[in-house]
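Colleague:
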Amino acid sequence: MSMNLKRWALLVMLVALWGEQAAAADRRGEIERFNREYTAAHLRMDKSAIFGMWADDGVSLLPGMAPLMGKAAITRFIEDVTAKMPGFRVTRQEDVFHDIQISGDWASEWGTTLQVVQPPDGKPPIETHGKILLVLHREKSGQWKIRQEIWTTGPRE
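Under our numbering, the first residue of the sequence shown is numbered 646, with each subsequent residue one higher.
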């Protein structure tokens with residue numbers, strides 16, 4: 646192989662590697678943006694935005710419950726819970742995500758979460774701490790959607 650051909654081959658490999666790294670950085674930025682929107686939607690109690698973050702075949706695993714399978718079941722559950730809590734509002738939502746792993750159109754991450762909910766009539770706020778694990782899929786539309794989530798509750802760490 647001639648020296649010029651070797652140089653061209655090396656240049657092509659370097660450009661390809663740079664392209665892969667740039668794509669990975671873009672995807673990581675997309676996940677970080679998704680996380681900010683996720684937290685903001687919960688803080689606003691924006692059910693429409695929350696529902697829009699789910700894949701149609703998403704699964705939610707909540708403590709002490711049977712799996713919620715499919716966006717329709719998850720939507721019904723959230724609608725039922727909020728209907729039973731009129732006047733409640735989220736006053737604080739802190740989600741700190743860690744260890745974003747991306748492989749093609751799939752991603753996973755775990756996080757810690759803190760939510761403070763203010764009941765109506767001046768009752769004391771309810772503070773909940775927990776951990777979350779998300780499995781995300783990048784849909785054909787380019788949007789990341791939740792395919793699977795699991796929540797645990799526990800003391801602040």
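Glycine residues also receive a C-beta, built at the ideal position from the N, C-alpha and C atoms.
No experiment lies behind these values; they were computed from the predicted model shown.
In the DSSP assignment, the alpha helix (DSSP H) including Lys692 goes from what residue to what residue?
Modeller: Lys692 to Gly697 is the span of the alpha helix (DSSP H), which, as asked, contains Lys692.
Colleague: Straight-line CA distance for Trp751 to Pro731?
Modeller: Distance between the alpha carbons of Trp751 and Pro731: 37 Å.
Colleague: Roughly how many whole angstroms lie between the Cα atoms of Trp699 and Ile676?
Modeller: Cα to Cα, Trp699 sits roughly 14 Å from Ile676.
Colleague: Using a Cβ distance threshold of 8 Å, determine whether the region 753-763 contacts the region 691-705, with at least three qualifying pairs required.
Modeller: In short, these stretches do not touch, since the Cβ pair count stays below three.
Colleague: Could you compute how far the alpha carbon of Ala718 sits from the alpha carbon of Phe679?
Modeller: Cα to Cα, the separation comes out at about 22 Å.
Colleague: Below 8 Å CB to CB, which residues in the same chain sit around Ile747 once its five sequence neighbours on both sides are set aside?
Modeller: If we look at Ile747 and ignore the five residues flanking it on each side, its Cβ neighbours are Ala669, Arg672, Arg673 and Ile676.
Colleague: Locate the alpha helix (DSSP H) running through Phe722, then write down its first and last residues.
Modeller: Looking at the DSSP string, the run of the alpha helix (DSSP H) that includes Phe722 is Lys716 to Ala728.
Colleague: Here's a check: name, in chain order, each residue in its chain whose Cβ is nearer than 8 Å to the Cβ of Glu682, leaving out the five neighbours to either side.
Modeller: Within the same chain, Glu682 has close Cβ partners Ala694 and Met698.
Colleague: Going by beta carbon distance, what residues of the same chain come within less than 6 Å of Ile777, once the five residues before and after it are set aside?
Modeller: Once the five neighbours on either side are set aside, the close Cβ partners of Ile777 are Gly756, Thr758 and Trp796.
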